[in-house]
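Structure first, commentary second.
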Amino acid sequence: MARKARVYSKTGIYHIIIRGIDRQPIFADDLDKEKFLELLASYTDVCEYQVYGYCLLDNHLHLLIKEGTTKIGNMMKRIGVKYVAWYNGKYNRSGQLFHDRFKSEVVETDDYLLTVLRYIHQEPVRLGIVTEVSKYAYSSYGEYIAKAMIVNSTYCLNLMGSTTAKANIAFKKYMNEPSDEKCLEADREKMSDEQLGMLILRIAGIKTLTELTELPKVKRNEILLNLKELNSVSSWQIARVSGFSQSVVSRA
Numbered sequence: 251m252a253r254k255a256r257v258y259s260k261t262g263i264y265h266i267i268i269r270g271i272d273r274q275p276i277f278a279d280d281l282d283k284e285k286f287l288e289l290l291a292s293y294t295d296v297c298e299y300q301v302y303g304y305c306l307l308d309n310h311l312h313l314l315i316k317e318g319t320t321k322i323g324n325m326m327k328r329i330g331v332k333y334v335a336w337y338n339g340k341y342n343r344s345g346q347l348f349h350d351r352f353k354s355e356v357v358e359t360d361d362y363l364l365t366v367l368r369y370i371h372q373e374p375v376r377l378g379i380v381t382e383v384s385k386y387a388y389s390s391y392g393e394y395i396a397k398a399m400i401v402n403s404t405y406c407l408n409l410m411g412s413t414t415a416k417a418n419i420a421f422k423k424y425m426n427e428p429s430d431e432k433c434l435e436a437d438r439e440k441m442s443d444e445q446l447g448m449l450i451l452r453i454a455g456i457k458t459l460t461e462l463t464e465l466p467k468v469k470r471n472e473i474l475l476n477l478k479e480l481n482s483v484s485s486w487q488i489a490r491v492s493g494f495s496q497s498v499v500s501r502a
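Using the numbering used here, the letters of the sequence shown correspond one by one to residues 251 to 502.
Right, dumping it as structure tokens:
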């Protein structure tokens, strides 16, 4: 069954989230994060995109990007393939590293652009990794405050003030203001197996999970595809709870 079509942004700007398969780490140490940022920087000329923000955590990452000459899917595929090959070689592993395809949402107003940027910069604080956004080394916040290396800081700072001094003051204030945004609902708590089982029964209209195998293939795949679109479950968890193999789930 075909995947649900990705929504394309009128501005070309997207908030992207990439997670490790089954929420496992995609960065085992700081050198891995530095390698990913190196690749992100190296493809800016090739794909002609602009990076407005990023935050790399151990098992997931956020990007705020305006696509250039290369479409967003192909752009992320090129970076992802290169990084996974490097990561697998470093750790003598094989197979997938990322959880299915990346999640994305469109960013089509300047207000929401700043909202998403703040959300990204505050992610390490929400997760309890640091107490202040300025204390996390692998987000783009430092590039806005000091020297921009990867990000195009000019566009967002121009939205914050008419002069450099005013923009810098407003930027720091805004990025550190308490907020309860849930962009892409990325911070949704992981669903338990019991909760997932109940959800499957409800959307499938069945009484027991064993009845899933009796459903027509088209109906089954539609259910699995809808489950895979959730941020709160992994394909491995869907396979475990539904009773289908991971390959069946991944092909849906």
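Think of the CB as a built atom: it goes at the ideal place given N, C-alpha and C, for glycine as much as any other residue.
Since the model is a prediction, treat every value here as computed from it, not as a measurement.
- Cβ-Cβ distance between His-265 and His-312 below 9 Å: What you label residue 265 is simply residue 15 of the sequence shown in a count that begins at 1. What you label residue 312 is simply residue 62 of the sequence shown in a count that begins at 1. The answer is yes: Cβ separation under 9 Å.
- Residue range of the unbroken alpha helix (DSSP H) whose run includes Val-491: Stepping through the sequence shown from its first residue, residue 491 is reached at position 241. Start and end: 485–492.
- Message: Using the three-state DSSP reduction, which class does Tyr-337 fall into: helix, strand or coil?
- Response: Locating residue 337 in the sequence shown gives position 87, where the first residue counts as 1. Three-state DSSP puts Tyr-337 in a helix.
- What's the gap between the Cα of Thr-458 and the Cα of Leu-451? What you label residue 458 is simply residue 208 of the sequence shown in a count that begins at 1. What you label residue 451 is simply residue 201 of the sequence shown in a count that begins at 1. Distance between the alpha carbons of Thr-458 and Leu-451 is about 7 Å.
- Task: Identify whether Val-356 lies in helix, strand or coil by the three-state DSSP scheme.
- Result: For the purposes of this step, residue 356 is taken as residue 106 along the sequence shown, with counting starting at 1. When DSSP states are grouped into helix, strand and coil, Val-356 belongs to the strand group.
- Which partner residues of Ile-263 appear in the DSSP bridge assignment? Residue numbering aside, residue 263 sits at position 13 when the sequence shown is read from its first letter. Paired residue(s): Lys-316.
- Counting contacts by CB-CB distance shorter than 9 Å, is Asp-272 in contact with chain D? Reference to chain D is not applicable here, since this structure consists of a single protein chain.
- Item | Assigned exposure category for Val-401 - 16 Cβ within 10 Å defines buried | Locating residue 401 in the sequence shown gives position 151, counting from the first residue. In this structure Val-401 is buried. Its beta-carbon is surrounded by 16 or more other beta-carbon atoms within 10 angstroms.
- Item | Identified DSSP bridge partners for Tyr-302 | The residue labelled residue 302 in the question sits at position 52 within the sequence shown. For Tyr-302, which the question treats as bridged, DSSP gives no partner whatsoever.
- Message: Alpha carbons only, please: which of Leu-449, Val-301, Arg-256 and Ile-267 is nearest the one belonging to Tyr-405?
- Response: Within the sequence shown, residue 405 is the residue found at index 155, counting from 1. That would be Val-301, whose Cα lies nearest to the Cα of Tyr-405.
- Item | Buried or exposed (CB count within 10 angstroms, at least 16 for buried), Gln-487 | Within the sequence shown, residue 487 is the residue found at index 237, counting from 1. Flag for Gln-487 reads buried.
- Starting from the Cα of Ser-429, find the closest Cα among Ile-370, Gly-318 and Cys-297 and give me that residue. Translated into positions along the sequence shown, residue 429 becomes position 179. Out of Ile-370, Gly-318 and Cys-297, Ile-370 has the C-alpha closest to the C-alpha of Ser-429.
- From Glu-284 to Val-468, what distance separates their C-alpha atoms? The residue you call residue 284 lines up with position 34 of the sequence shown. The residue you call residue 468 lines up with position 218 of the sequence shown. When rounded, the distance between both Cα atoms is 43 Å.
- Item | Short Cβ contact (9 Å threshold) for Ser-485 with Ile-271 | As a first step, residue 485 must be located in the sequence shown, where it is residue number 235. As a first step, residue 271 must be located in the sequence shown, where it is residue number 21. Their beta carbons are under 9 Å apart, which means Ser-485 touches Ile-271 by this criterion.
- Message: Which of the three DSSP states is assigned to Ser-412 in this structure?
- Response: Mapped onto the sequence shown, residue 412 falls at position 162. In the structure shown, Ser-412 sits in coil (DSSP, three-state: anything other than H, G, I, E or B).
- Look at Val-366 and Asp-443 and say whether their C-beta atoms are less than 9 Å apart. Locating residue 366 in the sequence shown gives position 116, counting from the first residue. Locating residue 443 in the sequence shown gives position 193, counting from the first residue. In this structure, Asp-443 does not lie closer than 9 Å to Val-366 by Cβ.
- Item | Those residues which DSSP pairs with Val-401 across a bridge | In the sequence shown, counting from the first residue as 1, residue 401 sits at position 151. Val-401 is bridged to Val-301.
- Message: For a test of the three-state rule: what should DSSP assign to Leu-462, helix, strand or coil?
- Response: By 1-based counting over the sequence shown, the position of residue 462 is 212. In this structure, Leu-462 counts as helix in the three-state DSSP scheme.
- Message: Would Cys-433 and Pro-374 qualify as a contact pair, given that the criterion is a beta-carbon distance under 9 Å?
- Response: Position 183 of the sequence shown, counting from 1, holds the residue named residue 433. Position 124 of the sequence shown, counting from 1, holds the residue named residue 374. Result no, Cβ atoms of Cys-433 and Pro-374 do not sit closer than 9 Å.
- Phe-348 bridges to which residues according to DSSP? What you label residue 348 is simply residue 98 of the sequence shown in a count that begins at 1. Paired residue(s): Gly-270.
- Local conformation of Ser-389 per DSSP, three classes: Position 139 of the sequence shown, counted from the first residue, corresponds to residue 389. In the displayed model, Ser-389 falls within a strand according to three-state DSSP.
- Item | Three-state secondary structure (DSSP) of Leu-503 | The chain is shown from 251 up to 502; residue 503 falls before or after that span and cannot be answered.
- Assuming Lys-504 and Ile-267 make a contact with CB atoms under 8 Å, what is their CB distance in whole Å? The structure shown does not extend to residue 504, since the chain is modelled only from 251 through 502, so no value can be given for it.
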